[in-house]
Amino acid sequence: MNVPVPGASFTDLLESLGARPTWTTRPGESAPSAPEGTTVLALRFDNGVVMAGDRRATEGHLVAHRRIRKVYPTDRFSAVAIAGTAGLAIEMVKLFQVELEHYEKIEGVRLSLEGKASFLARLVRGQLQLAIQGLVVVPLFAGFDEREQKGRLYSYDVVGGRYEETDFGSTGSGARLAKSFLRTTYEEDLTPEAAADLAVRALVAASQEDTATGGPDLIRRIFPNVVRIDSDGVAELGDEVVGPLAELAVESIQ
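Just so you know, we're using this note's numbering here: the sequence shown kicks off at 1332 and counts up by one.
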């Protein structure tokens, strides 16, 4: 039996072994109802990027989950935020994490940020058949570029198109509302603290008009996931930091 030589792509290795994971529906079969992740966003600050996501997943007009996680570190200097069919999106994140780890082990160096963004586009493109049937996964990717020493962020479309955003980006059902808020409030050279505050306020603003976007639940103490990425790597902000920001945002945004 010929064993393929492992390459830098873990997905290609699986495919050569006939073990690549696939998610398909039969011809003529409608896509199953599945929880949908809603609004995520990212914005640049002076030396990095902040990513944030609300915690609600919907199924039709119902709330499927109140505490879903939508922002995930993918390696030391990057993170991805998910919107769309929650189960498929989470599996895509896991595969992406393994891909980056596999590349680093095989090549001995980290993949460039541009390379990571391109590979994620490939994973999104691989879901096109399901997207056509209504099971859409649209991520947001950000990280600290070690070569250029700055934060960068990328948005995607359902066919795997990749677009670098200059200052901020958002995807999901409340994306238009979040971006509209950021257009009037974003400033260059934000501090990390100001960027986190602005990200939380943008999510709260989107939740005021988009029922699929979950605002902070002050009674249950459910707050957005917020991650900061800079030259020190990825750091998740705890509830002790995000909670006060969320409380102030709820009070100030009507």
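Cβ coordinates follow ideal geometry from the N, Cα and C atoms, glycine included. Quick caveat: nothing in here was measured; it's all calculated off a predicted structure.
{"Item": "Contiguous beta strand (DSSP E) assignments of at least 3 residues, all confined to the segment 1381-1469", "Value": "1388-1390, 1393-1396, 1402-1406, 1409-1416"}
{"Item": "For Leu1484 and Phe1472, believed in contact at Cβ under 8 Å, the rounded distance", "Value": "7 Å"}
{"Item": "Local conformation of Gly1492 per DSSP, three classes", "Value": "coil"}
{"Item": "Selection from Thr1405, Tyr1434, His1433 that minimises the alpha carbon distance to Met1423", "Value": "Thr1405"}
{"Item": "Asp1377 versus Arg1514: straight-line alpha-carbon distance, rounded", "Value": "17 Å"}
{"Item": "Contacts around Asn1333, its chain only, beta-carbon distance under 6 Å, and the 5 residues preceding and following it disregarded", "Value": "Confidence at Asn1333 is low in this model, with a pLDDT of 43, below 50, so the placement of that residue is unreliable and no value is reported for it."}
{"Item": "C-alpha distance - Glu1430 paired with Glu1582, whole-angstrom precision", "Value": "42 Å"}
{"Item": "Test: Pro1523 CB closer than 8 Å to a CB of chain B", "Value": "The question asks about chain B, but that chain is absent: this structure has only one protein chain."}
{"Item": "Val1565 burial status per 10 Å Cβ neighbour count (16 or more: buried)", "Value": "buried"}
{"Item": "Delimiting residues of the beta strand (DSSP E) encompassing Arg1552", "Value": "Run containing Arg1552: none; DSSP gives neither H nor E here."}
{"Item": "8 Å Cβ cutoff met for Leu1451 and Pro1470", "Value": "yes"}
{"Item": "Spatial neighbours of Gly1505 in its chain, beta-carbon cut-off 8 Å, leaving aside the 5 residues before and after", "Value": "Thr1369, Thr1370, Asp1385, Leu1534, Ala1537, Ser1538, Glu1540, Asp1541, Ala1543, Thr1544"}
{"Item": "Closest residue to Asp1561 among Phe1408, Val1468, Leu1374 (Cα-Cα distance)", "Value": "Phe1408"}
{"Item": "Limits of the beta strand (DSSP E) - the one that Glu1567 falls within", "Value": "1564-1567"}
{"Item": "Span separating the alpha-carbon of Leu1426 from that of Tyr1517", "Value": "33 Å"}
{"Item": "C-alpha gap between Gly1574 and Phe1554, whole angstroms", "Value": "6 Å"}
{"Item": "For Arg1483, three-class secondary structure by DSSP", "Value": "strand"}
{"Item": "Proximity of Leu1529 and Leu1521 at Cβ, strictly below 8 Å", "Value": "yes"}
{"Item": "Minimum C-alpha distance to Leu1576 - residue among Ala1527, Asp1563, Arg1559, Ile1550", "Value": "Ala1527"}
{"Item": "Boundaries (first-last residue) of the alpha helix (DSSP H) holding Leu1576", "Value": "1570-1583"}
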